[in-house]
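One structure below.
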Amino acid sequence: MGIPVWVSRDTVDPAIFDAKALKNVVKNVVKNIPQQKNSVQSIPSIQIPTQNNPIYHQPQTPTAFSTENLFNEIDQATSQVRQPQSASSIADSLQAKIETTKLTDCSNFDWQQLYQAVTECQQCELYNKRTQVVFGEGAQNPAWMIIGDAPKEEEDTQGKPFMDRSGVLLDNMLTAIGLDRPAVYLANTLKCRPPNNRDPKKVESKACYGYLKRQIELVNPALILIVGRIAAQHLLQTKEPLAQLRGRRHTMAAFNIPVVVTYHPAYLLRQPRDKYKSWQDLKLAQSILAEVSGN
């Protein structure tokens, strides 16, 4: 379904209107010309003025009068006028450009190389809006890796994940299961904050995925806890709502690592009645971890 687009007449080459109008006038005139059998008249070739064609040119050799030839010349001149692009064609062109963008191959990077690549990244428009990148932090080979949505304002300021009030709640959640920040690895789906905390665009998530994938490979956790709808849907490649994703075990396509999904701490601050559901998810993660660890 196309997107309605208002195009002002002033934004379109006026020649296109002149050409169409001229064709209609010629049709009306031709109707009134007596058609005599075997009669031959000659006129110079008609050329419609456009941006690329001069208004006047040298007359061509007279030819036999033919309304069909005349209309063909008008059609040809009209077709040469540039037509305005529709919104859908512009979107398709942009998407094609996005799909062909070459992203950084960090599949063999060590921690230092990966960090440098992230701090120098310009693979999407967020690089010129960030205060600093939010790379991630924590233990290098922990049992738990926790992945959130995208950095918020305080994270963008400090360059560390989960640094606002939601981070305090996350710390309390970890304490409840006998963990703390130094015992886990924290990261976000995006390394830069989207303006006004909007949802990430597809191209932004795609630009950051290679970095996060390499982080997971380097951390090599026994279990991944995804907090937040955006992170869960992106990493699990699904459109299911978070309420249907939580409470069960998942596996990311690129890894043989168990995954548990729960609510983002920022959501729980707004909807505290769902804290007990997150507690259930944490207990599920603990039981899965004990199972895969053989404890």
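For what it's worth, full-length UniProt numbering labels the leading residue of the sequence shown as 1, then goes sequentially. Glycine included, each C-beta is placed from N, C-alpha and C at the ideal position.
Three-state secondary structure assigned by DSSP to Tyr209: helix
Status (buried if at least 16 other CB within 10 Å, exposed otherwise) for Pro182: exposed
Ser293, buried or exposed, once every other Cβ within 10 Å from all chains shown has been counted against 16: exposed
Outcome for Thr119 when other beta-carbon atoms lying within 10 angstroms are tallied against a minimum of 16: For Thr119, the number of other beta carbons within 10 angstroms of its own is below 16, and it is reported as exposed.
For Arg270 and Val219, the rounded distance between their alpha carbons: Their backbone Cα atoms lie some 31 Å apart in a straight line.
Of the listed residues Leu186, Ile177, Ile224, nearest to Ala139 (C-alpha basis): Leu186
Exposed unless 16 or more other CB atoms sit within 10 angstroms - verdict on Asn188: That one is buried.
For Glu291, the three-state DSSP class (helix, strand or coil): helix
Where Val260 sits in the DSSP three-state scheme: It is a strand residue.
Ala187 - DSSP class collapsed to helix/strand/coil: strand
Residues bridged to Val227 (per DSSP): When DSSP reads this structure, Val227 sits in a beta bridge with Thr262.
8 Å Cβ cutoff met for Ile224 and Ile147: yes
Bridge partner(s) assigned by DSSP for Arg249: Bridge partners of Arg249: Val260.
Under 8 Å between C-beta atoms of Cys192 and Leu103: no
Residue burial classification, Tyr276 (beta-carbon count within 10 angstroms, cutoff 16): exposed
Three-state class that DSSP yields for Met173 in the structure shown: helix
For Glu153, three-class secondary structure by DSSP: Glu153 sits in a helix when the DSSP states are folded into three classes.
Three-pair Cβ contact test at 8 Å for the stretch 128-137 versus the stretch 155-162: yes
For Cys124 and Thr61, the rounded distance between their alpha carbons: Its pLDDT being 48, under 50, Thr61 is placed unreliably in this model, and the coordinates cannot settle the point.
Per DSSP, the bridge partner or partners of residue 343: Since the first residue shown for the chain is 1 and the last is 295, residue 343 is missing from the structure and cannot be characterised.
Nearest-angstrom Cβ-Cβ length linking Pro200 and Ala150, presumed shorter than 8 Å: 5 Å
Own chain partners of Glu154 with C-beta closer than 7 Å, once the 5 adjacent residues on each side are dropped: Excluding sequence neighbours, Glu154 sits near Met163, Asp164.
Given His250 as reference, the closest of Asn197, Leu282, Val259 once Cα atoms are compared: Comparing Cα positions, the closest option is Val259.
Lys160: CB within 7 Å of a non-hydrogen atom of the ligand GDP: As far as ligands go, the structure on display features none, and thus does not contain the ligand GDP.
Straight-line Cα distance separating Lys202 from Gln116: 23 Å
For Leu282 and Met173, believed in contact at Cβ under 8 Å, the rounded distance: Distance from Met173 to Leu282 at the Cβ level is roughly 6 Å; contact confirmed, criterion being Cβ atoms closer than 8 Å.
Those residues which DSSP pairs with Trp144 across a bridge: Val184, Leu223
Under 8 Å between C-beta atoms of Arg246 and Val261: yes
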